[in-house]
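Below: the structure, in structure tokens.
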Amino acid sequence: MVTLRTLALEDAPALARIYSGASIQHTTGKPLTLDQAHEKIRTALARATETPRAQWSWGIVTTGEMIGLIALRRRTPTMGTLSYILREDTWGNGYATQAAQHVVDFAFTTASLERLEAMHHPDNPASGRVLTKTGFTRTGACDRHADDGPAVAYQVYALPLL
């Protein structure tokens, strides 16, 4: 079972560990330094004070340990995007699915969104399974350019409020 909680500056070492190794192979591909983890947390805490609020970030916690990060970003008044990352040694336990379900519930109730979108790298089908289990439907693909490479067709998913 996972819970979500607000980030704190003391989470920086855990966040740096999450953003390393295989966990980042389909993101920037660059590990976060401790200083960058602190900055990421400071930014999330600052975004939490904005009105209207455009972003929520939570630590994914199980057995008292932060194992991932999940975020909801408001893109329009009624549409948001979901993103998440887990530490590689915690994959395959359903933690991302549980965390995503918490955020979907929050998005459609507390944040009053009507639609969510998410995408994943084509070489990360496990992320697509998380989205499908959470109720998302694959809607197509979107080319994304890496800093130093060709465009990659990310798989795009959506979840409307029914």
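Residue 129 in the numbering used here sits at position 117 of the sequence shown, with consecutive numbering throughout.
We put the beta carbon where it would ideally sit given N, CA and C, even for glycine.
CB contact flag (residue i, residue j, <8 angstroms)
i, j, result
"Ser-32", "Pro-25", "no"
"Thr-149", "Tyr-169", "yes"
"Ile-5", "Arg-99", "The structure shown does not extend to residue 5, since the chain is modelled only from 13 to 174, so the question has no answer here."
"Gly-71", "Leu-143", "no"
"Arg-59", "Thr-90", "no"
"Gln-4", "Arg-85", "Because residue 4 is not part of the residues shown, which for the chain are 13 to 174, the question remains open."
"His-133", "Val-164", "yes"
Residue range of the beta strand (DSSP E) that includes residue i
i, result
"Ser-69", "67–74"
"Tyr-107", "Segment 107–120 is the alpha helix (DSSP H) holding Tyr-107; no beta strand (DSSP E) there."
"Asp-101", "Neither: Asp-101 is in no beta strand (DSSP E) and is coded neither H nor E."
"Leu-16", "15–18"
"Leu-171", "163–172"
"Thr-63", "Premise fails: Thr-63 is in no beta strand (DSSP E) and is neither H nor E."
With 16 other Cβ atoms within 10 Å as the buried cut-off, status of residue i
i, result
"Arg-87", "exposed"
"Arg-65", "exposed"
"Glu-51", "exposed"
"Phe-29", "According to the sequence provided, residue 29 is Arg. The question's Phe does not apply to it. Under this definition Arg-29 is a buried residue."
"Thr-146", "buried"
"Leu-27", "buried"
"Glu-129", "buried"
"Met-13", "exposed"
"Leu-46", "exposed"
Which residues DSSP lists as bridging residue i, in chain order
i, result
"Thr-93", "Arg-85 and Glu-129"
"Gly-33", "Partner(s): none; Gly-33 has no beta bridge."
Where the alpha helix (DSSP H) through residue i begins and ends
i, result
"Gly-140", "137–145"
"Ala-46", "The question names Ala, yet the displayed sequence has Leu at residue 46. Where Leu-46 is concerned, the enclosing alpha helix (DSSP H) stretches over 46–59."
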